[in-house]
Every structure is written in structure tokens, then in C-alpha cells.
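**Q** Let me begin by handing over the structure; questions about it come next.
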Amino acid sequence: MPRTSRRTSVFTESLIREMSRVAAQHGAINLSQGFPDGDPPAALVQAAKDAMDAGRHQYAVTWG
0 MPRTSRRTSV FTESLIREMS RVAAQHGAIN LSQGFPDGDP PAALVQAAKD
50 AMDAGRHQYA VTWG
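Residue 0 is where the sequence shown starts when you use numbering that gives the first Met the number 0, and the numbers rise one by one after that.
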């Protein structure tokens with residue numbers, strides 16, 4: 000496994016990542032955005048697959 004430079008030792012785990020890790024260890028319910036309770040509708044999943052198969056999987060151009 001590659002080792003990182005000693006210079007990277009100043010970077011620590013973010014508080015949000017730490018709290019998410021601890022919450023998961025204790026089986027807590029994640030009430031933050033982006034964590035739905037169930038699976039998305041099958042039609043939505045298929046539409047996403049179709050879009051990716053058609054090559055539409057890049058970020059839009061930013062004009063700002």
C-alpha cells in the first residue's frame with residue numbers, strides 16, 4: 000500500500016466525517032440530506048442508466 004508524505008499529517012478527518020462514522024458505528028439514524036430511506040423508483044434508475052449509456056455523464060459547462 001502506498002504511503003503518504005509526512006507533510007500530509009497536518010490534515011485530519013473532518014468533523015462531519017467523524018460524526019458520520021461514529022453515528023454509523025452506533026446504528027444511529029442519519030437525518031442529513033442525501034440519505035433516502037428507500038430505493039429510488041425503478042423508472043428513475045432506468046432513466047439514469049439510459050442517460051449514461053447515451054454518453055450524458057459529464058458536468059454541464061459553467062459560464063461564470
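Glycine residues also receive a C-beta, built at the ideal position from the N, C-alpha and C atoms.
1) Say the cut is 7 Å; is the CB of Arg-16 nearer than that to a heavy atom of the ligand FMN?
2) Per DSSP, what kind of secondary structure is Ile-28 in: helix, strand or coil?
3) What number of angstroms, rounded off, separates the C-alpha of Lys-48 from the C-alpha of Trp-62?
4) From what residue to what residue does the alpha helix (DSSP H) around Val-44 run?
5) Out of curiosity, what's the CA-to-CA distance linking Gln-45 and Asp-36?
**A** Short version:
1) The ligand content of the structure shown is nil, which means the ligand FMN is not present either.
2) Here the question's residue 28 lines up with position 29 in the sequence shown. Of the three classes helix, strand and coil, the one that applies to Ile-28 here is coil, per DSSP.
3) Locating residue 48 in the sequence shown gives position 49, where the first residue counts as 1. Locating residue 62 in the sequence shown gives position 63, where the first residue counts as 1. For Lys-48 and Trp-62, the distance between alpha carbons rounds to 27 Å.
4) Residue 44 sits at position 45 when you count from the first residue of the sequence shown. Boundaries of the alpha helix (DSSP H) around Val-44: 41-52.
5) Position 46 of the sequence shown, counting from 1, holds the residue named residue 45. Position 37 of the sequence shown, counting from 1, holds the residue named residue 36. Each residue's Cα considered, the two are about 19 Å apart.
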